[in-house]
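Encoded as structure tokens, the structure appears first; notes follow it.
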Amino acid sequence: MVERNSKIESVCRIFETINSTGTRLKTFDLAVARFYPKTDLQELWSKTQKKYSILDCDNFKVDSERILQVLFLVVATDKGKSTSKYIEPTRGNFLKLEPQEIDKEWERSSEALAKTYEFAREQGARPETLPRHSLLVSLAAVRSLIFRDHGVDPWRKDENYDFIRRWYFSKVMQANKRAQSSNYQVSQDFKVLLEYARMGQRPEIPTVSLDAEKLLTLKPSDVLYKSLQNIFATTIRQDLLSGNAVNTKSPLHDHHIFPENAAKRHGLDKTMLNSICNRVPMLASSNGYLGEGYPEDYLKKILDRARKESMLRDFKRRMRDCLIPGDPEDPQWLDSFSINQFEEFCRKRAELIISRVHEIVGDSLQVNAASDDESMEGDDD
688 MVERNSKIES
698 VCRIFETINS
708 TGTRLKTFDL
718 AVARFYPKTD
728 LQELWSKTQK
738 KYSILDCDNF
748 KVDSERILQV
758 LFLVVATDKG
768 KSTSKYIEPT
778 RGNFLKLEPQ
788 EIDKEWERSS
798 EALAKTYEFA
808 REQGARPETL
818 PRHSLLVSLA
828 AVRSLIFRDH
838 GVDPWRKDEN
848 YDFIRRWYFS
858 KVMQANKRAQ
868 SSNYQVSQDF
878 KVLLEYARMG
888 QRPEIPTVSL
898 DAEKLLTLKP
908 SDVLYKSLQN
918 IFATTIRQDL
928 LSGNAVNTKS
938 PLHDHHIFPE
948 NAAKRHGLDK
958 TMLNSICNRV
968 PMLASSNGYL
978 GEGYPEDYLK
988 KILDRARKES
998 MLRDFKRRMR
1008 DCLIPGDPED
1018 PQWLDSFSIN
1028 QFEEFCRKRA
1038 ELIISRVHEI
1048 VGDSLQVNAA
1058 SDDESMEGDD
1068 D
């Protein structure tokens, strides 16, 4: 049993000891015990999930600890700690919150957190491709403060939105660099974002480094791969097969353009087959219909139908949208999807992907000398 007057550090040590025995306890569980009965965090979080379904387990499965991190950043800023170099939302720090502080800021912090996950969804994020939560905590805390003090959303759709979207994607694509702790990174991001929202001082946007070789060997488990999936999901507006509209709420599958069975049947490189260069988000129904089909066959059928229905112009736009290389009006276009052209297809598509990233992050993108000129081709399409 823990005494009520026990210091936070002592309670944390007890928590760690219990947790190390195999009992699955979360930091939020400790906070529930710490603040009960003056504040019932479990009840508050349950109501928040019902009110903001995007935070619930059926959507982004947001850890309840995130709301405490947002809330601590807000309260610590109000107390003037923002003048210090960094405010870290560590477990020990947010367990020092007062019940009245939690009650005062809970609803605004909850709404800000939900709005931030909606922002991430607008950028193509899905549960399986969501960026690290710590990045979203920083955005949410700044939104809570600015909306409370000025009644405006700092990430609304204007020039602030465009800039923060570029910053967001550049940060997301850096997520493999784990040299700094998560809490320290939250502190850094929060500080620069707050200065931007309050004083217009734009944070430095990190460099995104890409080249064709990296894309050709990128594994689906890589964070960069997931970042590119988000860019695809937010910029591809038509389904490859049907031409039906696609949005960030559409049920999408990560479709292999050349099927996986081509590794066994035709000896194609398995790594390249599974790379982002051979993938395109597709409506679940279309993905199921195509199955293990080959692009030389199914693209011919779609092209023939487009010609028959005088929809060639729409078809060409769809191919550009889905980053499919070449000109469908070229008589040799379908030949570029034959098995012996697989590697060349992937390399051409890698350059189109680099161009699409450039549209999103602008000059933050660095490409190597070999692909620099090529990667910018098609920007005017």
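If you're matching positions, the sequence shown starts at 688 in our numbering and goes up one per residue.
Here a beta-carbon is modelled for each residue, glycine too, at the ideal position from N, C-alpha and C.
Query raised in the report: Unbroken alpha helix (DSSP H) runs of length 4 or more, entirely within the segment 737-775: which are they?
Result: Listed in chain order, the alpha helix (DSSP H) elements of length 4 or more contained wholly in the segment 737-775 are 752-765.
Query raised in the report: When we look at the beta-carbon of H837 and count the other beta-carbons within 10 Å, is it buried (16 or more) or exposed?
Result: Position 150 of the sequence shown, counting from 1, holds the residue named residue 837. Residue burial annotation: H837 is exposed, with fewer than 16 other C-beta atoms found within 10 angstroms of its C-beta.
Query raised in the report: Just to confirm, are I1040 and L1010 a CB contact at a threshold of 8 Å?
Result: Position 353 of the sequence shown, counted from the start, is the residue given in the question as residue 1040. Position 323 of the sequence shown, counted from the start, is the residue given in the question as residue 1010. If you check the CB distance, I1040 and L1010 come in under 8 Å.
Report task. Answer yes or no: do A828 and L760 have a C-beta to C-beta separation smaller than 8 Å? Result -> Here residue 828 corresponds to residue number 141 of the sequence shown, with the count starting at 1. Here residue 760 corresponds to residue number 73 of the sequence shown, with the count starting at 1. Yes. Within cutoff.
Query raised in the report: Starting from M1006 and walking both ways along the alpha helix (DSSP H), at which residues does that stretch end?
Result: Within the sequence shown, residue 1006 is the residue found at index 319, counting from 1. For M1006, the uninterrupted alpha helix (DSSP H) run begins and ends at L999 to D1008, by DSSP.
Query raised in the report: With burial defined as no fewer than 16 other Cβ atoms inside 10 Å of the residue's Cβ, what is the status of A884: buried or exposed?
Result: Here the question's residue 884 lines up with position 197 in the sequence shown. Classification of A884: buried, given that the 10 Å Cβ count is 16 or more.
Query raised in the report: Using the rule of at least 16 other Cβ atoms within 10 Å of the residue's Cβ for burial, across every protein chain shown, is E996 buried or exposed?
Result: Along the sequence shown, one-based indexing puts residue 996 at 309. By the Cβ-count criterion, E996 is exposed, with fewer than 16 other Cβ atoms from all chains shown falling within 10 Å of its own Cβ.
Query - Between the CA atoms of L970 and Y912 - distance to the nearest angstrom - result: Along the sequence shown, read from residue 1 onward, the residue named residue 912 stands at position 225. Along the sequence shown, read from residue 1 onward, the residue named residue 970 stands at position 283. Taking C-alpha positions only, Y912 is separated from L970 by approximately 19 Å.
Query raised in the report: By Cβ distance, which residues of its chain are closer than 7 Å to P982, with the 5 residues on each side in sequence left out?
Result: Within the sequence shown, residue 982 is the residue found at index 295, counting from 1. These residues qualify, in order along the chain: I944, F945 and F1024.
Query raised in the report: Do the segment 802-813 and the segment 888-906 meet, that is, are 3 or more Cβ pairs less than 8 Å apart?
Result: Segments in contact, no.
Query - Straight-line gap, L999 to T735 (C-alpha atoms, nearest Å) - result: Here residue 999 refers to the residue found at position 312 of the sequence shown. Here residue 735 refers to the residue found at position 48 of the sequence shown. Cα-Cα distance, rounded: 49 Å.
**Report entry** Range of the contiguous beta strand (DSSP E) that encloses R966
**Finding:** Residue mapping note: residue 966 aligns to position 279 of the sequence shown, counting from 1. Unbroken beta strand (DSSP E) run through R966: R966 to L970.
Requested in this report: Take every Cβ of the segment 1044-1052, pair it with every Cβ of the segment 841-861, and state whether three or more of those distances are shorter than 8 Å.
Outcome: At 8 Å Cβ cutoff, the stretches touch.
Requested in this report: Per DSSP, which residues does V910 bridge with? Please list them.
Outcome: What you label residue 910 is simply residue 223 of the sequence shown in a count that begins at 1. Bridge partners of V910: none, in fact.
Report task. Would you kindly work out how many angstroms separate the C-alpha atoms of E788 and N974, rounded to a whole number? Result -> Taking the sequence shown and counting its residues from 1, one reaches residue 788 at position 101. Taking the sequence shown and counting its residues from 1, one reaches residue 974 at position 287. In a straight line, the C-alpha of E788 is about 50 Å away from that of N974.
Report task. Using the Cα positions of N961 and S869, report the straight-line distance between them to the nearest angstrom. Result -> The sequence position of residue 961 within the sequence shown is 274, counting from 1. The sequence position of residue 869 within the sequence shown is 182, counting from 1. Going by the C-alpha atoms only, they are around 30 Å apart.
Query - Inter-residue Cα distance where the pair is I1026 and A949 - result: Residue mapping note: residue 1026 aligns to position 339 of the sequence shown, counting from 1. Residue mapping note: residue 949 aligns to position 262 of the sequence shown, counting from 1. When rounded, the distance between both Cα atoms is 8 Å.
Query raised in the report: Is Y871 closer than 8 Å to Y1069 when the C-beta atoms are compared?
Result: Past the boundaries of the shown model lies residue 1069; the chain is included only from 688 to 1068, so the question cannot be answered.
Requested in this report: Spell out a yes or no on whether the segment 738-758 and the segment 795-802 are touching, meaning 3 or more CB-CB pairs, one atom from each, closer than 8 Å.
Outcome: The answer is yes - the segment 795-802 touches the segment 738-758, with three or more Cβ pairs under 8 Å.
Query raised in the report: Can you pull the DSSP bridge partners for Q1053?
Result: Translated into positions along the sequence shown, residue 1053 becomes position 366. Paired residue(s): S896.
Query raised in the report: DSSP on A866, reduced to helix/strand/coil?
Result: For this step, residue 866 is matched to residue 179 along the sequence shown. Only weak support exists for where A866 lies, its pLDDT of 42 falling under 50; the value from the coordinates is given anyway. DSSP places A866 in coil when its eight states are reduced to three.
Query - Bridge partners - L939, DSSP secondary structure assignment - result: Walking along the sequence shown from the start, residue 939 turns up at place 252. Its beta-bridge partners are L970.
Report task. Give the straight-line distance between the Cα atoms of I1047 and I918, rounded to the nearest whole angstrom. Result -> As a position in the sequence shown, residue 1047 is number 360, starting the count at 1. As a position in the sequence shown, residue 918 is number 231, starting the count at 1. One C-alpha to the other measures close to 8 Å.
Requested in this report: Measure the C-alpha to C-alpha separation of A899 and T921 and round it to an integer number of angstroms.
Outcome: On the sequence shown, position 212 is the one that residue 899 refers to. On the sequence shown, position 234 is the one that residue 921 refers to. Between the alpha carbons of A899 and T921 lies a distance of about 22 Å.
Requested in this report: Please determine, among D765, L939, P786 and R1043, the residue with the shortest C-alpha to C-alpha distance to S972.
Outcome: Residue mapping note: residue 972 aligns to position 285 of the sequence shown, counting from 1. Out of D765, L939, P786 and R1043, L939 has the C-alpha closest to the C-alpha of S972.
Query raised in the report: Could you give the distance in angstroms between the alpha-carbon of Q867 and the alpha-carbon of R819?
Result: Counted from its first residue, the sequence shown places residue 867 at position 180. Counted from its first residue, the sequence shown places residue 819 at position 132. Bear in mind that a pLDDT of 49 at Q867, under 50, signals an unreliable position, so the number given afterwards is only what the model happens to contain. Roughly 13 Å separates the two Cα atoms.
**Report entry** C-beta contact flag for L1021 and K988 at 8 Å
**Finding:** For the purposes of this step, residue 1021 is taken as the residue at position 334 of the sequence shown. For the purposes of this step, residue 988 is taken as the residue at position 301 of the sequence shown. Result no, Cβ atoms of L1021 and K988 do not sit closer than 8 Å.
Query - Proximal residues to A812 (C-beta, below 7 Å), its chain only, five neighbours per side dropped - result: Within the sequence shown, numbered from 1, the residue matching residue 812 stands at position 125. P818 and N917.
Report task. Grab me the residues of A1037's own chain with a C-beta within less than 7 Å of its C-beta, minus the 5 sequence neighbours each way, in chain order. Result -> Residue 1037 sits at position 350 when you count from the first residue of the sequence shown. Cβ neighbours of A1037 beyond the five flanking positions: A899, L902, L903 and C964.
Query - Proximity to L915 [Cα-Cα], best of F722, R1007 and Q861 - result: Locating residue 915 in the sequence shown gives position 228, counting from the first residue. When C-alpha distances from L915 are compared across F722, R1007 and Q861, the shortest belongs to Q861.
Query raised in the report: Under 8 Å between the Cβ atoms of D841 and N746?
Result: Against the sequence shown, residue 841 aligns to sequence position 154. Against the sequence shown, residue 746 aligns to sequence position 59. According to the sequence as given, residue 841 is Pro; it is not Asp. For P841 and N746, no; Cβs fall outside 8 Å.
Query - Identity of the residues DSSP links to Q925 by a beta bridge - result: By one-based count along the sequence shown, residue 925 stands at place 238. A932.
Requested in this report: Report yes if the C-beta of E1046 is less than 7 Å from at least one heavy atom of the ligand COA; otherwise report no.
Outcome: Here there are no bound small molecules, and the ligand COA is not part of this structure.
**Report entry** Three-state class that DSSP yields for N961 in the structure shown
**Finding:** Counting from 1 along the sequence shown, the entry for residue 961 is found at position 274. Residue state, collapsed to three classes: coil.
Query - Collapsed DSSP secondary structure at V1048 in the structure displayed - result: As a first step, residue 1048 is located in the sequence shown; it is residue number 361 there, counting from the start. Of the three classes helix, strand and coil, the one that applies to V1048 here is helix, per DSSP.
Requested in this report: Quick one: grab the DSSP three-state call for R994.
Outcome: As a working mapping, residue 994 is identified with position 307 in the sequence shown. R994 falls in the helix class under three-state DSSP.
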